[in-house]
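Protein chains: 4
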Amino acid sequence: MRPKDETKREAILQSAMVLINTYGLAHTSISKIAKEAGVSPATIYIYFANKEDLLTTLYVEVRREMAGAILDSIDESLEVVDAFRLLWENLLAYYLAYPDHFVFAEQFHNAPIVDSVDPAEVDTHFEPYVRLIERGQTQGQLKNIPANLINAFVFYPLTELAKHHVKEGTPMEDDELEAAFDCAWDAIRA
Amino acid sequence: MRPKDETKREAILQSAMVLINTYGLAHTSISKIAKEAGVSPATIYIYFANKEDLLTTLYVEVRREMAGAILDSIDESLEVVDAFRLLWENLLAYYLAYPDHFVFAEQFHNAPIVDSVDPAEVDTHFEPYVRLIERGQTQGQLKNIPANLINAFVFYPLTELAKHHVKEGTPMEDDELEAAFDCAWDAIRA
Amino acid sequence: MRPKDETKREAILQSAMVLINTYGLAHTSISKIAKEAGVSPATIYIYFANKEDLLTTLYVEVRREMAGAILDSIDESLEVVDAFRLLWENLLAYYLAYPDHFVFAEQFHNAPIVDSVDPAEVDTHFEPYVRLIERGQTQGQLKNIPANLINAFVFYPLTELAKHHVKEGTPMEDDELEAAFDCAWDAIRA
Amino acid sequence: MRPKDETKREAILQSAMVLINTYGLAHTSISKIAKEAGVSPATIYIYFANKEDLLTTLYVEVRREMAGAILDSIDESLEVVDAFRLLWENLLAYYLAYPDHFVFAEQFHNAPIVDSVDPAEVDTHFEPYVRLIERGQTQGQLKNIPANLINAFVFYPLTELAKHHVKEGTPMEDDELEAAFDCAWDAIRA
DNA sequence: GATGAATGAGCGTTCATTCAT
DNA sequence: AATGAATGAACGCTCATTCAT
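Protein chains in written order, with the working numbering: chain P, 1 to 190; chain C, 1001 to 1190; chain R, 2001 to 2190; chain H, 3001 to 3190.
Right, here's the structure in full:
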């Protein structure tokens, strides 16, 4: 049977994310999530098979949303550098709108539990990004290096910057964003 | 009276790190650490005030060791680019020798518990690195951008690469290292 | 959902009282209470916030029951001496029926934990007794002394006698009861 | 071998009493007593066989001191009523000087652990008191009732009054003492 | 005699999960 | 679908006691 109340499901996921960001995976229990979401602990088991399922589902959905927000406006007609630039700005806009998503994704990504997520489930959504890199390399605009290296100089530095500003509660200034993009682009351009 | 057994303290810290890397902060309990270390749970409380103290102590010590291994051979007589290059190689050597340290530090760094560590306790040990950046900027070899930006393009990408290879169990090839350094240097050089 | 099982709550309170009377406050743990009551330790926390809440609740309920049993039949139409005599007999009957209550109340009353009970919660139920003393003093049948002094010569001696007989397992003979009442009345009468 | 440092033994007993009066038997551990007394937990086991031995020893010594302070000045040349009056004043003086002793003795006396004390060890010291009662009864000044009844109207009421004033931190006024003695004497005199 | 180190057992409490309604 | 009741297992931590010096 299909669950009735979609808002309840969302409340559970959202509460889990907030608690995990605030107190950590280790101190976030089902009953606390239930209380925060305003439902019974038992209700959570109607929407998710168990705690791990809840957490990994949350991670996959967050990653999917992030990928969509960042990549949806990227298309093959754009110059590679402009595509990267757009991607960069999308990422920034997203982090401003949903800082929680970044913080959660980073925590989860660095915990062993991430291994219980099928990488394909996440990777699929980043497919346009992979194609962008391939195009940049074929066209000679990007260094001819493994994709994960490109990754390491595009996503992680910005993610790190974003996290830093979220934590400090300070906004990211335009010129810092500009400088950061220059660094990233210098790092990977041919 | 019996003197404190320093090897016991080390066994506790080491066991904690291994378990946290394997099962995560959330699934690493005092009694599991004790069992892994071959001591009684009560013994842990002779060496550490409580679980948080144990974890933060572990983090600070790991960071200190990392800083030492990476920075000790850096001195002011080196050209800036050579200093960065040396630092890069030190980092790689360290990660090959102590991959656990990287994995643990990343997990801890991305969990909320990191906020209970006094940043100064960690930052002090990276002071030589900060001075290196300043020198590079005064001498015009580095971009004139905030230190945390430089950071974001030097440490995090390599850390990320290192983590990736640790997880996959694959070695990092010389040419990948070379390519990665080129990216990093291109990112930050003036 | 399942409704709360009131018999379970009672079993917990009763088990706590029995164990405390037998082994003392210091040696009565939640898990022992749970075992004695035939429930899980966790179940106790459905009915009580924590151990202290369980103990103080037990004390207040015991005191309330004692007050009811002793004072309910006292009314203002009785002569003061007859009222005291009736109270005396009620007390005796109650101690014969529920010796555990006396023993527990005394142990609790003499332990520092009693300070965490709001005195008002207990005192309210002894209000008729306070009024009886006031009446006896206004009518000139009782000595004009503070209420706690009257108390000290009415309740505590009998309580002590009752405890003594409970402990020894001997019954209180009619003539001892008679003699005891005479002492008490001689102590407080004008 | 005889323990060397008598002050250490006293410090342990005194610390135990203070902690038990403040936090209760249930929350007073050997290691807390040791810390309060400024010794090692292991040292306590040089002076006492185990925790129970420490506690019962403390109780017996407190009772002995109380008996001595109260009864030493009583001798057979005194009129019975004067003897009771003197005893009364001694008791008051003692409670003013050592309120802790009263509070501890009452707590211990009402806990099941008291059963592990040989009553004879305590009763011996109250022998003069028992003889006083016998004399009073033979001479016809006291009611002809069991000794424990006399007890119940002499010691417990005053003890209760004393405890009350200790807890409230208020002094006992002369006239209250006077009134209390009158009550007690009226209770037991022939 | 005196100590701090060391411990297995137990503490009060919360956990993830299931049950009964 | 949704709930609060219920639980055995596990949590972080402290216990009374002993060990090694």
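Using N, Cα and C, we set each Cβ at its ideal position, and we do this for glycine too.
Unbroken alpha helix (DSSP H) run spanning residue i, endpoints
i, result
"P:L177", "174-188"
"R:Y2047", "2041-2047"
"H:M3125", "The sequence given here places His at residue 3125 of chain H; Met does not occur at that position. Taken as a continuous stretch (DSSP letters only), H:H3125 belongs to no alpha helix (DSSP H), as it is neither H nor E."
"C:D1053", "1051-1071"
"P:L19", "6-23"
"P:Y156", "147-168"
"C:A1105", "1099-1109"
"C:K1035", "1030-1037"
Euclidean distance between Cα positions of residue i and residue j
i, j, result
"P:N21", "C:T1138", "39 Å"
"P:D115", "C:Y1023", "10 Å"
"H:F3048", "P:I113", "52 Å"
"H:L3142", "H:Q3014", "38 Å"
"R:I2012", "H:I3188", "43 Å"
"R:R2002", "P:L25", "31 Å"
"P:H125", "P:S77", "19 Å"
"C:D1186", "P:L54", "42 Å"
"C:I1074", "C:L1177", "19 Å"
"H:L3091", "H:P3171", "14 Å"
"R:S2040", "R:E2006", "15 Å"
"R:Y2200", "C:I1046", "Beyond the ends of chain R as shown, which are 2001 and 2190, falls residue 2200 of chain R; an answer cannot be given."
"R:L2058", "C:R1064", "54 Å"
"R:V2062", "R:I2030", "19 Å"
"R:N2151", "R:H2109", "15 Å"
"C:A1147", "P:A180", "12 Å"
"H:G3038", "C:K1004", "21 Å"
"H:D3175", "H:A3097", "20 Å"
"C:L964", "R:T2028", "Outside the shown range of chain C, which is 1001 to 1190, sits residue 964 of chain C, and nothing can be said about it."
"R:A2034", "H:A3111", "21 Å"
"R:E2036", "R:L2086", "37 Å"
"R:E2052", "R:A2042", "15 Å"
"H:D3082", "R:P2119", "38 Å"
"R:D2123", "R:G2169", "30 Å"
Spatial neighbours of residue i in its chain, beta-carbon cut-off 8 Å, leaving aside the 5 residues before and after
i, result
"P:D100", "M17, V18, N21"
"H:K3163", "F3102, V3103, E3106"
"H:G3140", "A3190"
"P:V166", "Y95, P99, F102, V103"
"C:A1184", "F1084, W1088, F1153, V1154, P1157, L1158"
"R:V2080", "L2132, R2135, G2136, Q2139, Q2141, L2142"
"P:N144", "Q137, A190"
"P:A93", "A69"
"P:L161", "M172, E176, A180"
DSSP state of residue i mapped onto helix, strand, coil
i, result
"P:L78", "coil"
"H:M3001", "Residue confidence is low: H:M3001 scores 47 on pLDDT, short of 50, so the model does not pin down where it sits. Its coordinate-derived value is still stated next. Of the three classes helix, strand and coil, the one that applies to H:M3001 here is coil, per DSSP."
Same chain only: Cβ atoms within 7 Å of residue i, ignoring 5 sequence neighbours per side
i, result
"H:N2946", "This structure leaves residue 2946 of chain H out entirely; chain H is present only between 3001 and 3190."
"P:A67", "H125, F126"
"P:Y129", "L71"
"P:V117", "T56, Y59, V60"
"R:K2032", "L2019"
"R:D2182", "none"
Same chain only: Cβ atoms within 6 Å of residue i, ignoring 5 sequence neighbours per side
i, result
"C:E1121", "V1060"
Open item on the list: Beta carbons nearer than 9 Å to chain C: which residues of the segment 10-25 of chain P have them?
Closed with: Of all residues in the segment 10-25 of chain P, I20, N21, T22, Y23, G24, L25 have a Cβ within less than 9 Å of some Cβ in chain C.
Task: Members of the segment 1134-1145 of chain C that neighbour chain P once the beta carbon cut-off is set at 8 Å - done: Those would be K1143, I1145, in chain order.
Open item on the list: Can you pull out the residues from the segment 3083-3112 of chain H whose beta carbon lies closer than 7 Å to at least one beta carbon of chain R?
Closed with: Correct list: E3106, Q3107, N3110, A3111, P3112.
TODO: With 7 Å as the C-beta to C-beta threshold (strictly closer), list the residues of the segment 3153-3168 of chain H near chain R in chain order.
DONE: If you check each beta-carbon in the segment 3153-3168 of chain H against every beta-carbon of chain R, the ones closer than 7 Å belong to F3153, Y3156, P3157, E3160, L3161, H3164.
Task: Positions along the segment 38-72 of chain P whose CB lies within less than 8 Å of some CB in chain C - done: Answer in chain order: no residues at all.
Task: Where the segment 2169-2185 of chain R meets chain H: residues whose CB sits under 8 Å from a CB there - done: Result list: E2176, A2179, A2180, D2182, C2183, A2184.
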